[in-house]
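Engineer:
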Amino acid sequence: MSREMLQECLTALHLCVNLRSFSWTDSSMLGENDAAFVAHLDVLQQLSIVDLTVKISAGISPVVWTKLIQMKKLRAFSLSSSQCTTLDGLSSWAERSSRTMASLEFSVISEIDRYPKCTSSRRHQTCQGLT
């Protein structure tokens, strides 16, 4: 993400004072967009979001995980990745979040599930698995 695009996104996010839900999807290499995601999380913490969905294909870096477990007052959290990584501090974070958390989801998806299954013929093309 370019510096200009990051700044534009963060400026727009600051204006969303009633935002309660946020989703981050990242298909880059592990750690490539950590600074951008952490900057977004800083703003989201100020906005007091209650629902956070994170889909990261390359796994979650320790830098991002450390920032995520500092989020407070989440009612719903979902983390989906094609890479299973160690989530240090998960138990203590879950204990701190137990008063507000109503939905918690962790999933590891197959790399093959990230791409639609397409078949093609001269007359038509069909794809399955698009979301």
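Quick note on numbering that gives the first Met the number 0: the sequence shown kicks off at 0 and runs consecutively. C-beta: ideal position from N, C-alpha, C; glycine also.
What three-state label does DSSP hand Ala38 in the structure shown?
Structural biologist: As a first step, residue 38 must be located in the sequence shown, where it is residue number 39. If DSSP states are grouped into helix, strand and coil, Ala38 belongs with the helices.
Engineer: Who are the Cβ neighbours of Leu40 in its own chain at under 6 Å, not counting the five residues just before and after it?
Structural biologist: Working through the sequence shown from its first residue, we reach residue 40 at position 41. Same-chain partners within the cutoff: Lys66.
Engineer: Quick one: which unbroken alpha helix (DSSP H) runs of 4-plus residues sit fully inside the region 67-110? Chain order, please.
Structural biologist: Fully enclosed alpha helix (DSSP H) runs of 4 or longer: 89-96.
Engineer: Kindly list the residues whose CB is nearer than 8 Å to the CB of Cys15, restricted to its own chain and excluding five residues on each side of it in sequence; keep chain order.
Structural biologist: Translated into positions along the sequence shown, residue 15 becomes position 16. Here the set comprises Leu46.
Engineer: Would you kindly report the start and end of the unbroken beta strand (DSSP E) that includes Leu14?
Structural biologist: The sequence position of residue 14 within the sequence shown is 15, counting from 1. Per DSSP, Leu14 belongs to no beta strand (DSSP E); it is in the alpha helix (DSSP H), 2-14.
Engineer: What would DSSP say about Val53, mapped onto helix, strand or coil?
Structural biologist: For the purposes of this step, residue 53 is identified with residue 54 of the sequence shown, where counting begins at 1. Of the three classes helix, strand and coil, the one that applies to Val53 here is strand, per DSSP.
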